[in-house]
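Residue numbers (this note's numbering): 133 to 478.
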């Protein structure tokens, strides 16, 4: 089920977010490396989320960071847009590993904090009530803690990739996009090329899931490039671009702990994603994550955080139970049953 190709989603004509998730996590790693000279930049990046931040980093425990690529500020926009890129990263200093877990933006989820317990696409949470709702909705969806968040505005990918003198990726298949010919095999990309490589979806046989995989490729490439000693000469420029595009609830103290205890985790970077199924709700396209798939990813993330697994019992598993015939292929109609505000069982 998880590798099932998906047809293009009918979301109308729109310029898709250029997957700024690459910039946000790379920005955090960069901040780690130059903590001693970056206090001012880190302070400017700091922004409370409305939810209490964990102390896991200062306690040298495994931690989770929700990466939100927001389209605020893109193409002249001034309003708070949706998050078109959502990745829950886990960083474990004991196993020396980072895992990037992509969550499809169209995943049907409870908008945690709405009075009527609204069900909507997960990426709508940020537009409704900012980081607070995005964090709480992700927590509830997967039954995992979200210790910190990082948001980055559209446009940062191009700048940061250029700052590190480009990145090298393995292109999975040949395609043309926005004036660039991407050939199957190893390619070195500049900022504009990397941005568009992360952005293309409709020519990918795996649709948005293929795009998510390319996002993670670019994220990994930028992180590894930033960790190279040769990047010292680029620090000032990178920090300037980070400061202008990134917000986070990671404090100076958190960054200091990261530089001391978490740097080796960046040497091993793995990836995963929440696999959904095609669904139609009131004429709109959604992704429905089956209860077994939600449980699989929840268990995996909790293990990465050294936590015991637990059985999910949330709004999403409840709605799945109300649609026993839905399978995402022969039956794509999915009916949302209104959630009662009094219920505490899901």
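Beta carbons are placed, not taken as given, at the ideal position from N, Cα and C, and that holds for glycine.
Under the DSSP assignment, residue 330 falls in the alpha helix (DSSP H) whose first and last residues are 323–331.
Rounded to the nearest whole angstrom, the C-alpha separation of residue 217 and residue 188 is 24 Å.
About 7 Å separates the CB atoms of residue 451 and residue 251; that is less than 8 Å, so the two are in contact. Residue 266: member of the alpha helix (DSSP H) spanning 256–274, first to last residue. According to DSSP, residue pairing for residue 419 in a beta bridge involves 239 and 410.
Boundaries around residue 312 are those of the beta strand (DSSP E), 312–314, since no alpha helix (DSSP H) includes it. In this structure, the straight-line span from the alpha carbon of residue 244 to that of residue 447 is close to 10 Å. With respect to the 8 Å criterion, residue 380 and residue 282 are classified as neighbours on the basis of their beta carbons.
Comparing alpha-carbon positions, the option among 396, 427 and 266 lying closest to residue 181 turns out to be 266. For the pair residue 322 and residue 202, the CB atoms are not nearer than the 8 Å cut-off. Our two residues, residue 428 and residue 413, have alpha carbons roughly 25 Å apart in a direct line. Taking C-alpha positions only, residue 459 is separated from residue 369 by approximately 49 Å. If you check the CB distance, residue 225 and residue 421 do not come in under 8 Å.
By the C-beta density criterion, residue 350 is buried, having at least 16 other C-beta atoms within 10 angstroms. Counting C-beta atoms within 10 angstroms of its own C-beta, residue 242 has 16 or more neighbours from the protein chains shown and is therefore classed as buried. Restricting attention to 268, 215 and 320, the CA atom closest to the CA of residue 258 is found in 215. Separation of the CB atoms of residue 260 and residue 246 is rounded to 7 Å, and the pair is thereby assigned contact status at 8 Å. Residue range 280–285 is occupied by the beta strand (DSSP E) that includes residue 285.
With the rule of 3 Cβ pairs closer than 8 Å, the stretch 267–274 does not count as touching the stretch 333–345. In this structure, the straight-line span from the alpha carbon of residue 386 to that of residue 339 is close to 37 Å.
Residue range 339–358 is occupied by the alpha helix (DSSP H) that includes residue 357. Here residue 305 is exposed: its Cβ has fewer than 16 other Cβ atoms, across all protein chains shown, within 10 Å. Residue environment for residue 191: exposed (fewer than 16 other C-beta atoms within 10 angstroms of its C-beta). Across the set 367, 417 and 316, the C-alpha of 316 shows the shortest separation from the C-alpha of residue 300. Taking residue 404 as the centre and dropping the five residues before and after it, the same chain places the C-beta of 231, 232, 233, 234, 429 and 432 closer than 8 Å to its C-beta, in chain order.
CA-CA distance, residue 410 to residue 239, rounds to 10 Å. In this structure, DSSP gives residue 455 a state outside helix and strand, which the three-state scheme calls coil. Sixteen is the threshold: when 16 or more other Cβ atoms of the shown chains lie within 10 Å of the Cβ of residue 408, as they do, the residue is buried.
Non-local C-beta neighbours of residue 296 in its own chain, meaning closer than 7 Å and more than five positions away in sequence, comprise 354, 357, 358, 363 and 366, ordered along the chain. DSSP places residue 294 inside the alpha helix (DSSP H), whose first and last residues are 288–295.
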